[in-house]
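Just below is one structure, and these are the notes that go with it.
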Amino acid sequence: MDKEVYNRYRSELRHEDNLINHRISWFLVAQTLLFTALGVALKYNKTALAATVILVGFFSSLLIFVSVWAATKPFFDYRGRLEGVMQEGDSDDEYPQLSREVGTIKRGFVAPFDLPIIFGIAWLFCGKRMAHPAVG
């Protein structure tokens, strides 16, 4: 296999992986700030602000989920293309393995997929609690 082709595919894989990492990192920072803003809004009985924060939190969770999902397609496409151009005699020393198995990679995407879902559910719960506060 041509070393330049290999390096180009590896670079694209690294780029897609970094995009997912950056999206999740910024998402977690944003969620922290939004939950803090929600706490402050509720402390001072600013219900309109609290409702806005809840909506922003929920929709940011939804958008991050979609963007991570969208980034996995090129990731697996590039991985498949790279495996397609690798030849039987290519040594692991010259062309390091991408991963042992696809299942391992898919399990690595559990957190980037599940975190936005979990936070989205938390925001829905906050919205429901705000709309129907518990008695007592």
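So for the sequence shown, our numbering puts the first residue at -7; every next one is plus one.
Even for Gly, the Cβ is constructed at its ideal location relative to N, Cα and C.
If you're wondering where the values come from, they're calculated on a predicted model, not measured in any experiment.
Suppose contacts are defined by Cβ-Cβ distances below 7 Å. Is residue i in contact with residue j by that definition?
i, j, result
"Gly119", "Ile46", "yes"
"Leu155", "Ala43", "No answer is possible for residue 155: the residues shown for the chain start at -7 and end at 128."
"Tyr70", "Tyr(-2)", "no"
"Glu8", "Pro66", "yes"
"Ala22", "Ser59", "no"
"Phe57", "Pro125", "no"
Determine the burial state of residue i: buried for a count of at least 16 other Cβ atoms within 10 Å of its Cβ, exposed for fewer.
i, result
"Phe117", "exposed"
"Leu74", "buried"
"Leu55", "exposed"
"Leu20", "exposed"
"Ala63", "buried"
Taking the C-alpha atoms as reference points, what is the distance between residue i and residue j?
i, j, result
"Met122", "Thr39", "8 Å"
"Leu26", "Asn13", "20 Å"
"Asp(-6)", "Gly72", "16 Å"
"Leu11", "Ala114", "25 Å"
"Ile110", "Val32", "22 Å"
"Arg15", "Glu93", "25 Å"
"Phe50", "Ile97", "27 Å"
"Gly95", "Asn37", "48 Å"
"Pro104", "Lys35", "31 Å"
"Leu5", "Gly100", "14 Å"
"Gly77", "Thr28", "For the record, residue 77 in the displayed sequence is Val; it is not Gly. Val77 and Thr28: Cα-Cα distance of roughly 49 Å."
"Val102", "Trp61", "11 Å"
"Trp18", "Val48", "14 Å"
"Glu86", "Phe68", "22 Å"
Quiz item: Which ranges does the alpha helix (DSSP H) cover as unbroken runs of at least 4 residues, wholly within the region -2 to 23, from first to last along the chain?
Solution: none
Exercise. Could you tell me which uninterrupted alpha helix (DSSP H) segments, each at least 4 residues in length, are contained entirely in the region 29 to 100, listed from first to last along the chain?
Key: 39 to 77 and 94 to 100
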